[in-house]
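Before any comments, here is the structure.
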Amino acid sequence: MAVTAQDVAKLRAMTGAGMMDCKQALTAAGGDFDKAVEELRKRGLSKAAKKAGRETKEGIVSAYIHPGGRVGVLLEVNCETDFVARTDDFKSLVHDLAMQIAAAAPQFVSREQVTPEVLDKEREIYREQLKDQGKPEHIVEKIIEGKLGKFYEEVCLLEQPFIKDPDKKVSQVIQEAIAKLGENIQVARFARFELGRG
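With the working numbering, the residue at position 157 of the sequence shown is 199, and numbering never jumps.
Set out below in structure tokens:
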């Protein structure tokens, strides 16, 4: 099936991908738009993985106050250039991340930031919970590791299910933004304030 310029333009409008990328994806998908979008996402995510090591010195600091004024978030998200930092797509991502932090109350950006003291305390709690079940030690360790995985999903921003699409993790949403914007994007830090909590 021949791919028309209108098809390419339509796919480009849908995805924001380049003209040649859209044409190649449509050709590979035999003109099927859904398959072409999937192909572009796969390519974009592999490109995003390559960008992950690049330096991020630009970006924005954003403040978000949840309606009602009881929860507020201050968030720094970095990218590679001030050009991307000024785009609506980047600002929208930062706003969504701030809303995520307000709603889901993560304590850390990533699992690498969880301190050994916090992990030791969690392991101790899980071990105490499992103490009276009479399971062998190697099984207890596997159960504890499984519980730690759930713990990371609760307390680490990048591991949390995204509030706007719970089928995706926050890290996937950021990877998709990297693929779309063509630059590395990193959540540098955040602070969440809730009225009445010191």
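Note that beta-carbon positions come from the ideal geometry of N, C-alpha and C, so glycine has one too.
Treat the numbers as computed from the prediction; the structure is a model and nothing was measured.
Helix, strand or coil: how does DSSP classify residue i here?
i      : result
ILE102 : strand
VAL45  : coil
GLU97  : coil
GLU122 : coil
LEU87  : At LEU87 the pLDDT is 49, less than 50, meaning the model places this residue with poor confidence; the figure from the coordinates comes in the next sentence. It is helical.
PRO203 : strand
ASP209 : strand
ALA51  : helix
VAL151 : coil
Per the DSSP calculation, residue i is bridged to which residue(s)?
i      : result
GLU166 : The partner list for GLU166 (beta bridge, DSSP) is empty, contrary to what the question assumes.
ILE107 : GLY114
Between which two residues does the beta strand (DSSP E) holding residue i run?
i      : result
LYS173 : No beta strand (DSSP E) contains LYS173, which DSSP labels as neither H nor E.
GLN228 : 228 to 236
In terms of residue numbering, what span does the alpha helix (DSSP H) encompassing residue i cover?
i      : result
VAL136 : 130 to 146
LYS65  : 61 to 70
LYS177 : That residue, LYS177, is in no alpha helix (DSSP H); it is neither H nor E in DSSP.
Roughly how far, in whole angstroms, is the beta-carbon of residue i from the beta-carbon of residue j, given that I think they are within contact range, below 8 angstroms?
i     : j     : result
MET61 : ARG54 : 6 angstroms
VAL45 : THR69 : 5 angstroms
When the Cβ atoms of the segment 118 to 128 are set against those of the segment 153 to 163, are three or more pairs found closer than 8 angstroms?
Touching, no.
Q. If we count Cβ pairs, one from each stretch, closer than 8 angstroms, do we get three or more for the segment 131 to 145 versus the segment 105 to 121?
A. Three or more Cβ pairs drawn from the segment 131 to 145 and the segment 105 to 121 lie within less than 8 angstroms of each other, which places the two stretches in contact.
Three-pair Cβ contact test at 8 angstroms for the segment 146 to 154 versus the segment 191 to 208:
At 8 angstroms Cβ cutoff, the stretches touch.
Check: Are there three or more Cβ pairs, one per stretch, closer than 8 angstroms when the segment 46 to 55 is compared with the segment 66 to 78?
Finding: When Cβ pairs closer than 8 angstroms are counted between the two stretches, the segment 46 to 55 is seen to touch the segment 66 to 78, the count reaching three or more.
Taking contact to mean 3 or more Cβ pairs, one atom from each stretch, closer than 8 angstroms, check whether the segment 218 to 237 and the segment 127 to 136 are in contact.
With a cut-off of 8 angstroms, the segment 127 to 136 and the segment 218 to 237 count as touching, because enough Cβ pairs lie within range.
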